[in-house]
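In what follows, a structure is listed as structure tokens, so that the remarks can point back to it.
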Amino acid sequence: MRRISSAWLLATLAILLPVIVLYSMTVGTVSISMAEAFSAAVDSLFSDVDSAGQTQVILFDIRLPRILLALLVGAILASTGAVMQGLFRNPLADPSLIGVSGGASVGASLMIVFAGGAIESGLLMGLSLVALGAFVGGFAATILVYRLATSGIGTSVTTMLLAGIAIGALAGALNSLLSYFADNDMLRQISLWQMGNLSAASWAKVLIMALISLILLVWFPRDSRALNALLLGESEARHLGIDVQRVKRRLIVLTALGVGVSVALAGMVGFVGLVIPHVIRLLIGPDHRWLIPGSAMAGAILLVVADSLARVVVLPAELPTGILTALLGAPFFIALLLQQRREV
Amino acid sequence: MKNLTCSFGLIVLLAAVLCSFSLAAEISVEDDFGNSLVLEQPAQRIISLAPNITEVLFHIGAGEQIVGADEYSNYPEQAKGIVRVNNHAAANYELILSLQPDLVIAWQSGNGDKIINRIRLLGIPVFVVETRSLEDIPNLFVRFGALSGHVENARQKAESFSQRLSLLRDQNSAKPEVRTFYQIWDEPLITLNGKHMVSSVIELCGGRNIFADAIPLVPYVNIESVVAADPQVIIAGGSKEEKPHWFNRWRKWGKVSAVRNEHVYLIGADLMQRHSVRLLEGAELMCDYLQRAREK
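These protein sequence lines map, in sequence, to chains A and B. Take 0 as the starting number for the first sequence in the numbering used here and just add one per residue. Take 751 as the starting number for the second sequence in the numbering used here and just add one per residue.
And the structure:
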């Protein structure tokens, strides 16, 4: 398949992303035109909060935090997906593979079932106890998987994949067990949590997510060259002077951090982390210096678009965002695969 | 349509009464799917597979005859002591068989064909109900009365239910409409559309369900749609008696009339979402809350 220039793709995505964010500000139950949105934005700069009208409330308390959360979560899932696929040299790797999603859902369920009464009072900077449980669970599972796969001679990629599957199965069983003993209320909370949803976005969540994204997007590019070298194989990378073990540990911890927080704040959003890196790789090739930022922007765009559609396709109700990410992304991916096959 | 259901109810009522008076000891009652169930004598060992069924059985005086019930049958107090035979996911067929029931009463959309057909295969008569409107409830009393041998008591209860219901309707239906949001969950926001019985309770009280037109029966909505529809009353239906943990989160949405005028109320889901006699209590609360919103 003829590849397009990396710089060209990145520039296109960088222009597209803000345009899509601005456009999705006008998408929702209430129709607000671009001009109205703009004047509302100007108004809110010069007036105090109390006098804010319905338009302002909708734009800046409801839509904007949700769009930004979608953007950040999409960027994190897609870029960690790219990193995991590079690190494991496995096209099926995605962030959930290292156990983080499974661990997070067990953590959340545990909190729901055993700390039910304290959930209301347990608000920490807008982060609920459930989100905290999810984050701790995700992180703990990742460390467990990593430990299982690490011996004196380093971390075995195969063992890590297998350990990830085993921990995933264990997490699934624990989840079912907890659901079985949960009462009606808890059951609903568990199942809804697992579906993932961005509608509960708030500025506090956006802030936390932005902080984590900043850390990840600053660190990941530093390891781009190491990931490129790893594509040749681990021993080859070692001969090129790369401390493979350290790179692995760092990237796994960062991924667990990023995915743990995004799962904690937005629930499970599948598909983005697995497929977006593939799409970008098919378009511009496997150079991680471009692949990681490209995936981040494409993931952000996909999630923002999917979430905007989720808000309006079944008005006045809404669809779970996860359905739309797959519905939009999968056909595009299949088309790319078909094109690739034709050109070989 | 309403007349039709009323007259249908009357016919069934008459049929049931006639049956009970006919000296032939055989009882024949039609369930909500048109299947006639024939019993040689009133059922003495009944299994109820849903909490609304248990409530109705107790209400008409057949509570003592229940030998097994689902995990959620928590009302009245005596119901909590009944042997549990099923939950949302599965039924214990061995236990059901060992209780030697002469009648199982199931709720179609709650129990599903999988459980119902299996029990039928065990040779136990199953009476399946699917209550769709408020007017169907008294008819349920009458039929359960015929099945369990409490014909007269059931008839009286049915009559008083119908009276209370039409009283509420007469008092409220002509009053100014109140925009109402019925909330069953908060993250994500979940409500019920116009086809749900809760929506008919809202209409009974002269309210309008702001999401009556949504396509799914149980739609997920976003806060923007709620702000745009600007409900005058928000009714939260927690599954417990106390306020759900998300009750107070409404405070930050002062733009919504119901929040601004402090018309956010709780009606326990057991009162609102169970097709049983307590639905009237729920309806009375609902009408009262809607009236308060009219006054301010």
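Note that CB positions come from ideal geometry on N, CA and C, so glycine has one too.
C-beta neighbour in chain A for residue i, strict 9 Å
| i | result |
| --- | --- |
| histidine 946(B) | no |
| tyrosine 825(B) | no |
| aspartate 963(B) | yes |
| leucine 773(B) | Confidence at leucine 773(B) is low in this model, with a pLDDT of 48, below 50, so its placement is unreliable and the value that follows should be read with caution. Not closer than 9 Å to any Cβ of chain A, the Cβ of leucine 773(B) fails to qualify, so no. |
| tyrosine 932(B) | no |
| isoleucine 803(B) | no |
| asparagine 903(B) | no |
| glycine 1032(B) | no |
| leucine 871(B) | no |
| methionine 751(B) | Because the pLDDT at methionine 751(B) is just 48, under 50, the model does not fix this residue reliably, and the value given afterwards should be weighed accordingly. Output row for methionine 751(B): interface = no. |
| proline 981(B) | no |
| serine 975(B) | yes |
| glutamate 814(B) | no |
| arginine 1028(B) | no |
Nearest-angstrom beta carbon gap, residue j and residue i [assumed within contact, 8 Å]
| i | j | result |
| --- | --- | --- |
| proline 801(B) | serine 823(B) | 5 Å |
| methionine 1036(B) | isoleucine 952(B) | 7 Å |
| glycine 98(A) | isoleucine 189(A) | Their Cβ separation, rounded to whole angstroms, is 19 Å, which puts glycine 98(A) and isoleucine 189(A) out of contact at 8 Å. |
| glycine 132(A) | leucine 109(A) | 6 Å |
| leucine 918(B) | leucine 954(B) | 6 Å |
| valine 971(B) | glutamate 317(A) | 6 Å |
| isoleucine 275(A) | glycine 80(A) | 6 Å |
| threonine 804(B) | alanine 829(B) | 5 Å |
| valine 82(A) | leucine 250(A) | 5 Å |
| leucine 256(A) | leucine 68(A) | At roughly 17 Å, the Cβ-Cβ gap does not stay under 8 Å, so leucine 256(A) and leucine 68(A) are not in contact. |
| aspartate 1020(B) | arginine 1028(B) | 7 Å |
Limits of the unbroken beta strand (DSSP E) element including residue i
| i | result |
| --- | --- |
| tryptophan 857(B) | 853-857 |
| arginine 929(B) | 928-933 |
| phenylalanine 877(B) | 876-879 |
| arginine 834(B) | 834-836 |
One or two residues paired with residue i in a DSSP bridge
| i | result |
| --- | --- |
| threonine 149(A) | Thr154(A) |
| serine 786(B) | Glu780(B) |
| serine 798(B) | Ala819(B) and Ile855(B) |
| isoleucine 984(B) | Phe931(B) and Val1014(B) |
| tyrosine 970(B) | Ile940(B) |
| asparagine 959(B) | Thr930(B) |
| alanine 316(A) | Val971(B) |
| alanine 841(B) | Asn836(B) |
Residue from the options with nearest C-alpha to residue i
| i | options | result |
| --- | --- | --- |
| tryptophan 7(A) | Leu282(A), Thr28(A) and Leu336(A) | Leu282(A) |
| isoleucine 934(B) | Ala986(B), Ser923(B) and Leu915(B) | Ala986(B) |
| glutamine 344(A) | Gly73(A), Leu96(A) and Ile75(A) | As displayed, chain A neither begins before 0 nor continues past 343, which places residue 344(A) out of reach and without an answer. |
| glycine 163(A) | Ser100(A), Asp242(A) and Met110(A) | Ser100(A) |
| glutamine 1041(B) | Val892(B), Ile984(B) and Lys1002(B) | Ile984(B) |
| alanine 107(A) | Arg62(A), Thr28(A) and Ser127(A) | Ser127(A) |
| valine 788(B) | Ala979(B), Lys1002(B) and Ser898(B) | Ser898(B) |
| threonine 28(A) | Leu173(A), Ser104(A), Leu302(A) and Leu58(A) | Leu58(A) |
| alanine 355(A) | Leu326(A), Pro292(A), Ala263(A) and Ala305(A) | Because chain A here runs from 0 to 343, residue 355(A) falls outside it and cannot be looked at. |
| threonine 154(A) | Leu308(A), Leu86(A), Pro276(A) and Trp202(A) | Leu86(A) |
| phenylalanine 877(B) | Val1009(B), Asp782(B), Glu1034(B) and Val968(B) | Asp782(B) |
| valine 144(A) | Ser32(A), Gly232(A) and Ala168(A) | Ala168(A) |
| leucine 15(A) | Met296(A), Leu314(A), Phe180(A) and Gly284(A) | Met296(A) |
| isoleucine 105(A) | Ala139(A), Glu35(A) and Asp93(A) | Here the sequence assigns valine to residue 105(A), which means isoleucine is not the residue at that position. The shortest C-alpha separation from valine 105(A) is found at Ala139(A). |
| tryptophan 1000(B) | Val892(B), Asp936(B) and Arg905(B) | Asp936(B) |
| valine 311(A) | Asp1038(B), Gln1023(B) and Pro969(B) | Pro969(B) |
Residue-chain proximity (residue i, chain B), Cβ-Cβ < 9 Å
| i | result |
| --- | --- |
| serine 32(A) | no |
| methionine 124(A) | Low per-residue confidence applies at methionine 124(A): pLDDT is 46, beneath 50, and the placement is therefore not dependable, though the value from the model is reported in the following sentence. Output row for methionine 124(A): interface = no. |
| serine 198(A) | yes |
| threonine 324(A) | no |
| asparagine 183(A) | yes |
| threonine 25(A) | no |
| alanine 316(A) | yes |
| valine 303(A) | no |
Unbroken alpha helix (DSSP H) run spanning residue i, endpoints
| i | result |
| --- | --- |
| arginine 1044(B) | 1028-1045 |
| glycine 272(A) | 271-283 |
| arginine 288(A) | 287-311 |
| glycine 321(A) | 320-342 |
| methionine 24(A) | First-last for methionine 24(A): undefined, no H or E at that position. |
| serine 201(A) | Counting along the chain, serine 201(A) falls outside any alpha helix (DSSP H), and DSSP gives it neither H nor E. |
| aspartate 60(A) | No alpha helix (DSSP H) holds aspartate 60(A); DSSP gives it neither H nor E. |
| phenylalanine 244(A) | Before going further, note that residue 244(A) is glutamine rather than phenylalanine in the sequence given. Where glutamine 244(A) is concerned, the enclosing alpha helix (DSSP H) stretches over 243-265. |
| phenylalanine 891(B) | 886-898 |
| alanine 225(A) | 223-229 |
| leucine 192(A) | The question names leucine, but residue 192(A) in the sequence shown is tryptophan. Segment 183-194, the alpha helix (DSSP H) holding tryptophan 192(A). |
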